[in-house]
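Remarks on the structure that follows.
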Amino acid sequence: MCRVLGADYKKRLSEMGCMSDDDVDMDRLYKEMDLLDVTINSNYKKLKDVGSELFLEWGRADTLLKNMLKFSYVISVHDSTTPAEIDEPHFLDTLWVKKARTELDDRRKDAKKEYQKQKEKLKGMIHESRLTYDFVGFNPKEKVDPKNYYQETCKVLKQIEKIRELSVSRKEMVYRMERVQMAIAQNKLPTPKIRGIPFVL
3 MCRVLGADYK
13 KRLSEMGCMS
23 DDDVDMDRLY
33 KEMDLLDVTI
43 NSNYKKLKDV
53 GSELFLEWGR
63 ADTLLKNMLK
73 FSYVISVHDS
83 TTPAEIDEPH
93 FLDTLWVKKA
103 RTELDDRRKD
113 AKKEYQKQKE
123 KLKGMIHESR
133 LTYDFVGFNP
143 KEKVDPKNYY
153 QETCKVLKQI
163 EKIRELSVSR
173 KEMVYRMERV
183 QMAIAQNKLP
193 TPKIRGIPFV
203 L
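What follows is the structure, given as structure tokens:
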């Protein structure tokens with residue numbers, strides 16, 4: 003138990019007032035084992051939960067394998083079914099659980115930065131195009147759950163692409179109108195016939 007928690011076995015005995023393995027109060031030993039067991043199960047569950055979310059963030063950010071391997075203990079816990087399968091030193095260490103949580107928080111901070119960057123870009127494009135947020139389907143005041151920054155960024159990118167396509171269509175329309183006006187001004191506009199009736203564009 004001490005091994006997977008990264009705890010010092012001899013120090014634990016000393017804290018219990020025992021000088022050696024032979025000098026152990028069995029009642030206190032069982033209580034200590036119960037405490038360690040509770041800690042193991044608690045840390046295992048926390049790492050399971052953090053691991054599932056961390057795998058999603060890693061996948062979304064195309065995280066390099068070498069960076070993921072720095073958290074090999076998270077991968078081991080994620081792939082296991084019970085705490086009993088974990089026997090490597092420190093793999094269920096409370097400090098290592100916090101380290102994994104920090105990694106998850108950092109990945110979400112990166113996702114938030116990317117979302118805010120694209121959000122500001124979208125707002126600028128809407129303003130320049132003289133469109134409205136409602137027309138684009140964008141609410142700049144909407145609060146985003148930290149778990150959903152990636153999905154929301156994807157939505158914003160689609161809205162940006164929509165505005166770009168609309169901008170291209172507008173430019174083409176303006177260009178055609180300018181050509182028509184120029185042709186009219188120069189009296190060079192063709193006069194096609196539709197069913198024998200002269201028709202001027």
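Just add 2 to the spot in the sequence shown (first one is 1) and you have this note's numbering. The C-beta atom is built at its ideal place from N, Cα and C for all residues, glycine as well.
Cβ separation of Ile-162 and Met-127, assumed to be a contact under 8 Å, to the nearest whole Å: Sure, about 6 Å apart at Cβ, within 8 Å.
Cβ-Cβ distance between Phe-93 and Tyr-75 below 8 Å: Yes, these two residues count as a Cβ contact at 8 Å.
Coarse secondary structure for Thr-41, derived from DSSP in three states: Three-state result, Thr-41: helix.
Coil, strand or helix - Met-3 by DSSP: Met-3: coil per DSSP, three-state reduction.
Cβ contact (3+ pairs, closer than 8 Å) linking the region 146-154 and the region 108-121: Yes, the region 146-154 touches the region 108-121.
At least three beta-carbon pairs within less than 8 Å, the region 38-51 to the region 79-90: Touching, per the Cβ criterion.
Cβ pair count under 8 Å reaching 3, the region 180-190 against the region 136-148: Under the Cβ criterion (8 Å, minimum of three pairs), the region 180-190 does not count as touching the region 136-148.
Own chain partners of Leu-159 with C-beta closer than 7 Å, once the 5 adjacent residues on each side are dropped: Around Leu-159: Gln-120.
Burial state of Tyr-32 (16 or more Cβ within 10 Å): With fewer than 16 other Cβ atoms within 10 Å, it is exposed.
Alpha-carbon spacing of Asp-89 relative to Lys-50, whole angstroms: Roughly 16 Å separates the two Cα atoms.
Local Cβ density within 10 Å of Phe-137, reported as buried at 16 or more and exposed below that: Exposed.
Best match in Ser-131, Glu-122, Asn-43, Ala-113 for proximity to Val-170 [C-alpha to C-alpha]: Ser-131 is the residue among Ser-131, Glu-122, Asn-43, Ala-113 whose C-alpha sits nearest the C-alpha of Val-170.
Collapsed DSSP secondary structure at Leu-56 in the structure displayed: Helix.
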